[in-house]
Amino acid sequence: MGKKNLVSINDFTREEIIKITELAARFEADPHQQVLAGKVIASLFFEPSTRTRLSFESAINHLGGRVIGFSEVSNTSLSKGETFHDTITTISNYCDMIVMRHYIEGAARYAGEISRVPVVNAGDGANQHPSQTLLDLYSIKKTQGRLDDINITMIGDLKYGRTVHSLLQALSHFNPTFTFVAPDELKMPEEYKRFLDSKGIPYTETREILPAINDADIVYMTRVQRERFSDPMEYERMKNVYVLKNDMLQGTKPNMRILHPLPRVGEIDPDVDSNPKAYYFQQTENGVYTRMAIISYLLGVVK
Ligand code: CP
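Written out as structure tokens, the structure reads:
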């Protein structure tokens, strides 16, 4: 395999997605394989992150690799006026792979064109978050025993939430049924609905959580993305539009699981945390194994 980037979830075929979930299971069973010994991975975060940056770095460290990079642009020569192009060109001479988060949609695609080493998109604006999607799929497979024929209800900010956009596209390989719960202002964008129409994948839209969660195998909660709003008043009006509470789960399926990419800022009441259907913290652990799988696969160090 030549240089392969993971910029969009569409960069992976159905078979590659399944392969990543299988590799993630192997790394979960044995997380200390030294397959990245001698490799250097650059972790470049132009936008804040807790889970994505630290789980990538944890994955690299567990596998014997080394991490270089930054999480503060102010500490780099970008702050002196160096261009993004020159920064990526330079850093790609120092490492075997770049993991990058940026607030501009398309930044990771551009970096992938410049860089001489593979680029993994760790989130670009409201566009894509493919490594999150792969860990979401691993979480779905672990909890439901399959990826096929999943009934998934996505709730919250479906307009700006890059995780739901990537997940929708990935699940399209696996015969899903979608229910979208959002206020009119934060509805799933038309381009994604047209994508589902073109594939003949069923979806319904509603503004009400109940009864939309009762038939779901997976309830996928999302945060209203304050950083994507140009009008702070609009954010204030939207931010608590949906709050999932424990007593709302009474009519849900026994094996339903609640996922959330996190961070949450109020959309899941803490009284849900002790419900066995709450899976969002186990989901964060799955991120380490999935990111081990992604890096190892793209570097061709595992079969
Ligand atoms: N899920 C996710 O992307 O979390 P962080 O923003 O903390 O990386």
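Residue numbers (my numbering): 1 to 303.
Virtual Cβ for every residue (Gly too), placed ideally from N, Cα, C.
Residues sharing a beta bridge with residue i, DSSP
i           : result
residue 310 : The shown model of the chain, from 1 to 303, leaves out residue 310, and the question about it has no answer.
residue 119 : 98
residue 203 : 178
residue 124 : 102, 128
residue 6   : 120
Closer than 8 Å: residue i CB and nearest the ligand CP heavy atom
i           : result
residue 264 : no
residue 53  : yes
residue 50  : yes
residue 163 : yes
residue 129 : yes
residue 132 : yes
residue 123 : yes
residue 261 : yes
Assigned exposure category for residue i - 16 Cβ within 10 Å defines buried
i           : result
residue 38  : exposed
residue 115 : buried
residue 240 : exposed
residue 127 : buried
residue 47  : buried
residue 294 : buried
residue 260 : buried
residue 257 : buried
residue 3   : exposed
residue 300 : exposed
residue 178 : buried
residue 223 : buried
residue 243 : exposed
residue 163 : buried
residue 50  : exposed
residue 53  : buried
residue 202 : exposed
residue 10  : exposed
residue 8   : buried
residue 107 : buried
residue 87  : buried
residue 286 : buried
residue 30  : exposed
Q.
Going residue by residue through the stretch 207-284, where are the continuous beta strand (DSSP E) segments of at least 3 residues, counting only ones entirely within it?
A. Fully enclosed beta strand (DSSP E) runs of 3 or longer: 218-221, 257-259.
Q. Do three or more CB pairs link the stretch 198-218 to the stretch 244-263 at distances below 8 Å?
A. The stretch 198-218 is in contact with the stretch 244-263.
Q: Give a yes or no on contact between the stretch 144-159 and the stretch 168-183, applying the rule of three or more CB pairs nearer than 8 Å.
A: With a cut-off of 8 Å, the stretch 168-183 and the stretch 144-159 count as touching, because enough Cβ pairs lie within range.
(Q) Suppose only complete runs of 3+ residues qualify. What are the beta strand (DSSP E) ranges in the stretch 135-172, listed by chain order? (A) Entirely contained in the stretch 135-172, the beta strand (DSSP E) runs reaching 3 residues are, in chain order, 151-155.
Q) Is the stretch 116-123 close to the stretch 90-105, with three or more CB pairs under 8 Å? A) At 8 Å Cβ cutoff, the stretches touch.
Q. Touching or not, the stretch 152-161 and the stretch 179-195, by the rule of three or more beta carbon pairs under 8 Å?
A. Enough Cβ pairs lie closer than 8 Å, so yes.
Q) Would you say the stretch 16-24 touches the stretch 130-149, given that touching needs at least three Cβ pairs under 8 Å? A) The stretch 130-149 and the stretch 16-24 touch, with three or more beta-carbon pairs separated by less than 8 Å.
Q. Does the stretch 227-236 come within contact of the stretch 260-275, defined as at least 3 CB pairs closer than 8 Å?
A. Counting Cβ pairs under 8 Å, fewer than three are found: no touch.
Q) Below 8 Å, can you find three or more Cβ-Cβ pairs linking the stretch 97-112 to the stretch 25-33? A) No, the stretch 97-112 does not touch the stretch 25-33.
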